[in-house]
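Residue numbers 1 to 379, in the working numbering, belong to the letters of the sequence shown in order. We treat Cβ as the ideally placed atom computed from N, Cα and C, and that holds for glycine. This report refers to the structure that appears directly beneath it.
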Amino acid sequence: MEIQRNILLNPGPATTTDTVKLAQMVPDICPREKEFAGLMAALRRDLVRVVHGDPAVYTAVLFCGSGTLNLDVCLNSLLPPGKQALIVNNGAYSSRAAEICRSYGLPHTDLRLPFDRPADLAAVEQALRDRPETALVYATHNETGTGVLNPIRDLGALAHRHGAVFITDTTSTYAMRPMDIAAENIDFCMASAQKGLMGMAGLSFVIGRRDLLEAAREYPRRSYYCNLCRQYEYFERTGEMEFTPPVQTVYAAVQAMAEYWAEGETAKWARHTRVMDAIHAGLAALGFREAIRREWQAGLVAAVRYPDDPNWNFERVHDYCYDRGFTIYPGKVGTARTFRLCALGAIDAPDIHDFFRVFRGALDACGVAVPVRYREATP
Ligand SMILES: *Cc1c(COP(=O)(O)O)cnc(C)c1O
């Protein structure tokens with residue numbers, strides 16, 4: 001079977017291998033069969049292994065849904081009654097976490113920090129001192145809208161020093177940047193199959209501490225379907241998701257996991273880094289400027305400033321590239337006008353070289369002068 005290969009430079013879903021796509025083509029099976037439960041058990045163990053977690057301490061809880069579901073379940077399930085959450089908000093994804101708190105009416109502090117840099121630890125520490133009733137600290141690892149990497153190890157240490165649980169959204173770093181859940185002071189992290197794992201969309205997972213899940217059994221059940229403890233209990237009792245799992249997506253994730261181990265953590269991160277280096281180099285060659293300082297980036301997303309050229313038209317450039325098999329994505333850096341090029345997925349440096357040939361063609365077709373111009377003299 002010939003499947004057209006598209007290069008996705010958007011922040012997920014990512015380009016996948018044909019073997020992962022084809023892994024979905026399986027005989028029909030009822031997910032309540034032992035064969036399927038065995039698949040899920042192995043996948044849960046592997047999900048913990050990716051972040052070097054001790055299986056006696058950490059477990060993985062799977063859900064049918066996109067990555068935002070993880071934010072929802074962690075926030076609605078892990079906040080004890082009478083306590084409050086602290087949302088370290090320096091980007092679009094942590095803003096989403098604050099919005100989830102608002103929609104559940106959860107007591108929380110929305111600590112709004114600048115979007116163009118890592119979270120300021122002193123501001124977080126001050127917020128924790130001001131609010132001793134904080135029981136949960138939440139931060140995004142790689143703020144995918146900007147590509148800013150937050151100092152989760154320090155944030156986790158701060159949370160723990162103040163007696164709070166630390167939850168971090170690792171959706172756009174998990175299975176890409178090597179990480180050790182215990183060393184990073186993470187109590188709960190999360191991701192979905194279509195990002196670092198290079199599987200299909202529709203399967204999401206939270207990885208976290210068993211003792212804290214046990215403790216959270218007594219907390220208010222604020223959602224019926226999206227409850228972390230309920231799903232954990234069901235998994236522990238039966239080895240299955242309580243409600244229908246995304247069957248074919250699970251098969252793809254199992255294949256993606258096998259390919260993850262085959263490539264290897266170090267080699268995979270080296271490949272993503274190679275891709276990102278090719279993106280930086282290609283942008284620089286055309287005169288493009290990035291919105292975030294290089295040393296603050298997670299190494300997976302480039303947020304690129306629109307040039308000051310009257311002929312620049314993101315939609316036209318996007319459509320030109322899309323027609324030729326390359327997908328680029330609009331940005332989310334507050335008010336700055338940006339687009340994004342991301343290094344997720346089953347791609348390598350030659351794909352980026354091909355992309356820049358097409359991108360150059362798009363600039364020429366639009367009549368954008370190269371190297372591109374900006375009004376300010378210096379970046
Ligand atoms: C992709 C992503 C999510 C989840 O987005 P969905 O569209 O719900 O899959 C959450 N957090 C971060 C940081 C992400 O990059």
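Verify whether the separation of the beta carbon atoms of residue i and residue j is less than 7 Å.
i           : j           : result
residue 317 : residue 362 : yes
residue 118 : residue 148 : yes
residue 369 : residue 309 : yes
residue 208 : residue 187 : yes
residue 303 : residue 282 : no
residue 146 : residue 292 : yes
residue 365 : residue 239 : no
residue 166 : residue 175 : no
residue 324 : residue 372 : no
residue 9   : residue 341 : yes
residue 213 : residue 226 : no
residue 142 : residue 172 : yes
residue 15  : residue 347 : yes
residue 157 : residue 83  : no
residue 224 : residue 80  : no
residue 195 : residue 12  : yes
residue 103 : residue 216 : no
residue 288 : residue 314 : no
residue 367 : residue 311 : yes
residue 140 : residue 200 : no
residue 71  : residue 97  : yes
residue 374 : residue 337 : no
residue 152 : residue 184 : yes
If you run the structure through DSSP and keep just helix, strand and coil, what is residue i?
i           : result
residue 375 : coil
residue 36  : helix
residue 181 : coil
residue 135 : strand
residue 2   : coil
residue 68  : helix
residue 117 : coil
residue 8   : strand
residue 209 : strand
residue 353 : helix
residue 370 : coil
residue 14  : coil
residue 21  : helix
residue 162 : coil
residue 129 : helix
residue 92  : helix
residue 30  : coil
residue 48  : helix
residue 174 : coil
residue 323 : helix
residue 82  : coil
residue 100 : helix
residue 198 : coil
residue 154 : helix
residue 348 : coil
May I ask you to list the residues that DSSP assigns as paired with residue i?
i           : result
residue 169 : 140 and 190
residue 110 : 87
residue 329 : 340
residue 252 : The partner list for residue 252 (beta bridge, DSSP) is empty, contrary to what the question assumes.
residue 63  : 204
residue 149 : 142
residue 58  : 209
Whose C-beta lies closer than 7 Å to the C-beta of residue i among residues of the same chain, with five residues either side of it excluded?
i           : result
residue 3   : 18 and 21
residue 273 : 299
residue 349 : 274, 275 and 278
residue 255 : 19, 20 and 23
residue 236 : none
residue 74  : 167, 188, 190, 206 and 228
residue 6   : 15, 325 and 327
Does any CB atom of chain D fall closer than 7 Å to the CB of residue i?
i           : result
residue 103 : Although the question refers to chain D, the structure presented lacks it and comprises just one protein chain.
Cutting at 8 Å between CB atoms, please list the residues of its own chain near residue i, excluding the five before and the five after it.
i           : result
residue 113 : 88, 89, 90, 119, 120 and 123
residue 178 : 265, 266 and 269
residue 233 : 217
Excluding sequence positions up to five away, which residues of its chain have a Cβ less than 6 Å from the Cβ of residue i?
i           : result
residue 205 : 47, 60 and 62
residue 31  : 245 and 247
residue 53  : 181
residue 137 : 86, 159, 164 and 166
residue 154 : 121
residue 189 : 168, 170 and 207
residue 162 : 128
residue 197 : 175 and 256
residue 356 : 282
**Message:** I'd like the ranges of any alpha helix (DSSP H) spanning at least 4 consecutive residues and lying wholly in the segment 212-250.
**Reply:** 228-238
**Message:** Just to confirm the assignment: which complete beta strand (DSSP E) runs, minimum length 3, are found wholly within the segment 263-315?
**Reply:** 301-305
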